[in-house]
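**Q**
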Amino acid sequence: MEQSVPVVELAGITKRFPGIVANDDISLDLRKGEIHALLGENGAGKSTLMSILFGLYQPDEGEIRVNGKAVKIDGAGKAIELGIGMVHQHFKLVQPFTVAENIVLGVEPVRGLSIHLKQANEKVRELSARYGLKVDPLVKVQDISVGMQQRVEILKTLYRGAEILIFDEPTAVLTVQEIQELMQILRQLAGEGKSIILITHKLKEIMEVSDRVTIIRRGKVVGTVRTAETSESQLAEMMVGRRVSFDVNKEKREPGPVVLEVENLTVAGGERGTHAVDGVSLRIREGEILGLAGVDGNGQHELVEALAGLRPAIGGRIALNGADVTRLPTKARIEAGLASIPEDRQKHGLVLDFTLSENMVLGSTERRRFFGGGFLKDKEIDAYAKKLVADFDVRSAGVHSRARSLSGGNQQKAIIARELERHPKLIVAVQPTRGLDIGAIEFVHERLLQARSEGKAILLISYELDELYKLSDRIQVISGGRIMGEVDPELGEDDDKIGLMMAGQASNDQGGGAA
Amino acid sequence: MSKWISSLNQPTALVPAVAILFGLVFGGIVMLLGGFDPIAAYAALVRKVFGSSYDIGETIRTITPILFTGLAVGFAFRAGVFNIGADGQYIIGMTAATFVGIKIHLPAFLHAPLAVLVGMICGGLWGALCGYLKAYRGVHEVISAIMLNWIALFLSNYLLMKFLVEEGQQKTPNIDETASVSIGWLSEAMGGARMDWGIWIGLISVALFYILLWRTKQGYDLRAVGHNPDAAQAAGINVKTTFMKTMMISGMFAGLGGVFSVLGVFHYQVASGASEGYGFDGIAVALLGGNHPVGILFGAILFGLLTYGSAGMNFDANVPTEIVRIVIGSIIFFVASHSIITKLLKPMLSRRSTNKRKGASADGNAG
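Heads up: the sequence lines are chains R and Y, in that order. Heads up: the first sequence begins at 1 in the numbering used here, then just goes up one per residue. Heads up: the second sequence begins at 1001 in the numbering used here, then just goes up one per residue.
In structure tokens, the structure reads:
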């Protein structure tokens, strides 16, 4: 790699927030045409650092140099002027506008008082051809896929003349194929001389695409390494600060009788009059983990809500332990042995303004134990909460501290503690490790496998294929509210097959698998 | 708006205290601009309230209905419901008590309790109606409650005129002596001020409010719904019935306010074209009291003092009573826009919170 002046240099950046040092003397340099990965756990300070580079925060100490010149970036406008563009994790697009309209938004070419749309479309076509970002400038954003929307975001930054592109967790919302395409795009952009900072916690992608990696932990740089000279396990160790085991011990186990039987379930709520869940049938046995793969927004939410009784089924049948629960309210289903680890733990899992104690008995079926005679039995509840906190290693300032004050990992541990301690028959876990750091992920995986050993049936919905491979006994793929097919994780990873099914290609579970 | 509501549920006494101070100062400035002497005016206010045992008694009488409607609004706020309909529930409770007091004849030990009970339940049902509309028909409680307030007013006027008020009159005859909840000996002791059981039941209600919300399973569910309806529902709590129950209980508090106004204070009811507005004072009191029963009690006391004392301000210092409404209004303004106050207090508070957060992050880092 050429050793010219770096395009961006961050020198000794320190940023303090009340009570915490988010960035502590961070230095980093980005070379021209380089893909530089920024790796760190949640809360390590990656986002703060990039917000400083993009002008959203001012550093307390340190200097930013662009092309060797010290600059003061006091807003996103200034950042764009300096050729810095950011592709946010959550897209900032106007849905009813066309692709071209979105790209030129704010810097539209004008003719008289109106937007010169023809010129805008032309420019977009030109850019998209040059960087291999296939988009149709004339379609509306609301009609294109998530991967396509991301390309629109990338084009937006390029249209504004970005030479330095920051990608914030860009693969979180993409399918397997879309991730492959994005990797291709990143390489092409770098080949065209753009310099890229890739914020991520996915080691696989870093290994695949980046030139160098800077690892930060608790606001400090742990080190910068050349990707070619490192390995996933070394990166993980640097990120976490200790050795990490990637393997889980999944004991062989013969599944028992059927716990959850879903037959031809149909749930309303799809776009344009379609069904969000369209005739889904599932069967999970005791001691079995069924993984459900799929891109976010393909009926997973509606399926889970229908299972929990939060959304009515308009057709089909749900049986729990042989009993039909299709029309029963949530409470009755919980009593029948349903536990859930929801995707959005702060919205559906916890009452953030309740204490840890209060949260531990949320939805509890042991009325007499905790709510004798309609009154709260504080001593009993606190003792129970203390036991759970100890058993599941929930770190907090005590059981009377508010759930809001806990870190994400500890909030998730609290939910898992509550749900597992209920001795359920069926656990519905949606993205149980979303946003957690490696230590917490290990913990969650261990507990789920332990629950499996104890004979619980588990429905695991995840957008991370690695997680599904690791934990599931069987993997089914959902797309457009239908089950597209099944994969046996024992037969090895088959991203292509799953990817095609996630993209809605007809199932081939009759045995035509390419692997 | 629900976020705003929950931000008002944070229990801190500092913000309302500063808001009251600001309100008084602001009112003083207005008086100065109007050419009045604020110090004399506030002194007259205090003299009026604490001038004699009669005045103290009458101040307590002024506090009572505001306390009930304040509890009503605060209780609903705790479940995330904005009960702007306390006014209507108050009227319905009052009217029901009037009917029982006049139309039914029973010995005192049965009559008065029955009138209180019926009034309370009718107020509760009126509130539950609003809760039903919210839970099962998707009508926002603010819209339905405002309409129900007017329906309550004119329905009760109609019922009074049709069944109780004699021709050529605007008010009903007095309720039976047996239905009265006035406390004669206390009135005598307080120089003839109208004293009744209302304030005592009000104080018991303050305790009940607390016990119900923080000591019972029902209150636990209700608070869960108030903080996070999604999580409550996912945990199997029936959010819809919780809304209805909440509005029922809230309406009962408001209804009691109306009940004691007729059974304890006036002993008759007037068919009037406008309500007394206690329901709306209740909103202000609930805000001021942070939706906490003790806070609401203090809020109601402050409102009672200002309202009753404003007469003295007018009389002694020649300041129009409307000035007191300005003071009250600005206090409410400062409480509702508490972020302004929090910002002003920040330099003072930041040291404390920084220390606290340091402790918390140290714990977090251990994880």
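Glycine residues also receive a C-beta, built at the ideal position from the N, C-alpha and C atoms.
From which residue to which residue does the alpha helix (DSSP H) around residue 1137(Y) run?
**A** Note, residue 1137(Y): alpha helix (DSSP H), 1108-1137.
**Q** Looking at residue 495(R): is its Cβ nearer than 7 angstroms to the Cβ of residue 267(R)?
**A** Result no, Cβ atoms of residue 495(R) and residue 267(R) do not sit closer than 7 angstroms.
**Q** Got a sec: is the Cβ-Cβ distance from residue 1061(Y) to anything in chain R below 7 angstroms?
**A** Not one chain R Cβ lies under 7 angstroms of residue 1061(Y).
**Q** Would you please state the rounded distance, in angstroms, between the beta carbons of residue 1193(Y) and residue 1057(Y)? I believe it to be under 8 angstroms.
**A** Their Cβ separation, rounded to whole angstroms, is 3 angstroms, which keeps residue 1193(Y) and residue 1057(Y) in contact under 8 angstroms.
**Q** Taking only the alpha-carbon atoms, compute the straight-line gap between residue 186(R) and residue 220(R) and give it to the nearest angstrom.
**A** Using only the alpha carbons, I get a separation of about 27 angstroms.
**Q** Name the chain Y residues that come within less than 9 angstroms of residue 358(R), Cβ to Cβ?
**A** In chain order: 1220, 1223 and 1224.
**Q** DSSP beta-bridge partners for residue 214(R)?
**A** For residue 214(R), which the question treats as bridged, DSSP gives the partners 38(R) and 224(R).
**Q** Which residue comes first and which comes last in the beta strand (DSSP E) that contains residue 482(R)?
**A** Here the beta strand (DSSP E) through residue 482(R) covers 482-487.
**Q** Please report the distance separating the alpha-carbon of residue 306(R) from that of residue 259(R).
**A** Distance between the alpha carbons of residue 306(R) and residue 259(R): 16 angstroms.
**Q** Could you say which of 171(R), 188(R) and 384(R) lies nearest to residue 129(R) if we only look at CA atoms?
**A** For residue 129(R), the nearest C-alpha among the options comes from 188(R).
**Q** In terms of DSSP beta bridges, what is residue 476(R) paired with?
**A** Beta-bridge pairing links residue 476(R) to 292(R) and 486(R).
**Q** How do the segment 1096-1105 of chain Y and the segment 1288-1303 of chain Y stand: do at least 3 beta-carbon pairs fall below 8 angstroms, yes or no?
**A** With the cut-off at 8 angstroms, the segment 1096-1105 of chain Y and the segment 1288-1303 of chain Y do not touch.
**Q** Compute the beta-carbon to beta-carbon distance between residue 440(R) and residue 218(R), rounded to the nearest angstrom, for a pair I have assumed lies under 8 angstroms.
**A** That belief does not hold up - the Cβ atoms of residue 440(R) and residue 218(R) are roughly 15 angstroms apart, past 8 angstroms.
**Q** Going by alpha carbons, who is nearest to residue 7(R) out of 131(R), 153(R), 20(R) and 190(R)?
**A** Checked all of 131(R), 153(R), 20(R) and 190(R); the closest Cα to residue 7(R) is 190(R).
**Q** Using the C-alpha atoms, what's the distance from residue 320(R) back to residue 300(R)?
**A** Each residue's Cα considered, the two are about 19 angstroms apart.
**Q** Closer than 8 angstroms by beta-carbon distance: list the chain R residues that pair up with residue 1233(Y), in chain order.
**A** Per Cβ cutoff of 8 angstroms: 310 and 330.
**Q** Can you tell me which of the three DSSP states residue 1355(Y) falls into?
**A** In this prediction, residue 1355(Y) scores a pLDDT of 46, lower than 50, which makes its location untrustworthy; the coordinate-derived value is nonetheless stated afterwards. The answer is helix: DSSP assigns residue 1355(Y) an H, G or I state.
**Q** Please decide whether residue 1295(Y) counts as near chain R, where near means a Cβ-Cβ distance under 7 angstroms.
**A** Cβ-Cβ to chain R under 7 angstroms: no for residue 1295(Y).
**Q** So, does the segment 30-46 of chain R touch the segment 199-211 of chain R, judging by three or more C-beta pairs under 8 angstroms?
**A** The segment 30-46 of chain R vs the segment 199-211 of chain R: in contact.
**Q** How about residue 59(R) and residue 100(R): do their beta carbons lie closer than 7 angstroms?
**A** Going by C-beta atoms, residue 59(R) is not nearer than 7 angstroms to residue 100(R).
**Q** Are any of the Cβ atoms in chain R nearer than 7 angstroms to that of residue 1027(Y)?
**A** So, not an interface residue.
**Q** Under three-state DSSP, which class holds residue 1195(Y)?
**A** Here residue 1195(Y) sits in coil by DSSP.
**Q** My guess is that residue 1160(Y) and residue 1269(Y) are in contact by the Cβ rule of under 8 angstroms, so how many angstroms apart are they, rounded?
**A** Yes, residue 1160(Y) and residue 1269(Y) are in contact; Cβ-Cβ is about 6 angstroms, under 8 angstroms.
**Q** To the nearest angstrom, report how far apart residue 1275(Y) and residue 1082(Y) are at their CA atoms.
**A** Approximately 19 angstroms, taken between the alpha carbons.
**Q** My output table needs one value for residue 313(R): the three-state DSSP class, helix, strand or coil.
**A** Coil.
**Q** If you measure between the beta carbons of residue 1093(Y) and residue 1123(Y), is that distance less than 7 angstroms?
**A** Yes. Within cutoff.
**Q** Given a cut-off of 7 angstroms on the beta-carbon distance, is the pair residue 215(R) and residue 239(R) in contact?
**A** Yes, the Cβ-Cβ distance between residue 215(R) and residue 239(R) is below 7 angstroms.
**Q** From 261(R), 255(R), 302(R) and 262(R), pick the residue whose C-alpha is nearest to that of residue 274(R); which is it?
**A** Comparing Cα positions, the closest option is 302(R).
**Q** Taking the alpha carbon of residue 463(R) as the point to measure from, which residue in 444(R), 453(R), 486(R) and 498(R) has its own alpha carbon closest?
**A** Nearest C-alpha to residue 463(R): 498(R).
**Q** Would you mind giving the Cβ-Cβ distance between residue 1253(Y) and residue 1072(Y), rounded to the nearest angstrom? I have them listed as a contact below 8 angstroms.
**A** 4 angstroms between Cβ atoms; contact.
**Q** Between which two residues does the alpha helix (DSSP H) carrying residue 183(R) extend?
**A** Per DSSP, residue 183(R) belongs to the alpha helix (DSSP H) from 176-191.
**Q** How should residue 210(R) be labelled, buried or exposed, when 16 other C-beta atoms within 10 angstroms of its C-beta is the threshold for buried?
**A** Flag for residue 210(R) reads buried.
**Q** Among residues of its own chain, excluding the 5 on either side of residue 22(R), which ones have a beta-carbon nearer than 6 angstroms to its beta-carbon?
**A** Excluding positions up to five away in sequence, the list reads 15, 45, 48 and 219.
**Q** Whole angstroms are fine: how far does the CA of residue 25(R) sit from the CA of residue 1229(Y)?
**A** Residue 1229(Y) and residue 25(R): Cα-Cα distance of roughly 43 angstroms.
**Q** Comparing alpha-carbon positions, which option in 383(R), 481(R), 212(R) and 371(R) lies nearest residue 32(R)?
**A** Checked all of 383(R), 481(R), 212(R) and 371(R); the closest Cα to residue 32(R) is 212(R).
**Q** For a cutoff of 7 angstroms on Cβ pairs, would you count residue 1216(Y) as touching chain R?
**A** Judged by the 7 angstroms Cβ criterion, residue 1216(Y) is in contact with chain R.
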